[in-house]
Amino acid sequence: LQNSAIRFILKLKYDTPSNILHHEAFNKLKFLTVSNRLFELSERYVAGELRHSVPLVLKDDSDSEVEDITKPKKSDFSSKDAIERINAFF
Numbered sequence: 242l243q244n245s246a247i248r249f250i251l252k253l254k255y256d257t258p259s260n261i262l263h264h265e266a267f268n269k270l271k272f273l274t275v276s277n278r279l280f281e282l283s284e285r286y287v288a289g290e291l292r293h294s295v296p297l298v299l300k301d302d303s304d305s306e307v308e309d310i311t312k313p314k315k316s317d318f319s320s321k322d323a324i325e326r327i328n329a330f331f
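End of the sequence shown = 331 in this note's numbering, gap-free, step of one.
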């Protein structure tokens, strides 16, 4: 909604600063500012795309097996090992 519509709904004065207007709109009407709403929508879009994407896999050249790395094992938490595995992949 435009600021003027929110001012009318909340019966705020015309010269009410925008930051107070946005704060009141969120508290009383549960409206997000445009930037917050866009961030929320993009976050939901990315999460949805990741849920429907193909799992990330690594191919181990030594025995030609494919390993699913979307659910790491306890031994996979070393950052040094992870960097080495990624570099070896490329």
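Glycine is no exception: its CB is placed at the ideal position from the N, C-alpha and C atoms.
Coarse secondary structure for D317, derived from DSSP in three states
The count along the sequence shown starts at 1 and reaches residue 317 at position 76. At D317, the pLDDT of 46 sits below 50, so the modelled position is not reliable and the matter cannot be decided from this model.
Following the continuous alpha helix (DSSP H) through K269, name the residue where it begins and the one where it ends.
Residue numbering aside, residue 269 sits at position 28 when the sequence shown is read from its first letter. Per DSSP, K269 belongs to the alpha helix (DSSP H) from S259 to L270.
Buried or exposed by the 16-neighbour rule on C-beta atoms within 10 Å, applied to A266
The residue labelled residue 266 in the question sits at position 25 within the sequence shown. Buried, because 16 or more other Cβ atoms sit within 10 Å of the Cβ of A266.
Work out the CA separation of E284 and H264 for me, nearest whole Å.
If you number the sequence shown from 1, residue 264 lands on position 23. If you number the sequence shown from 1, residue 284 lands on position 43. Rounded to the nearest angstrom, the two C-alpha atoms are 22 Å apart.
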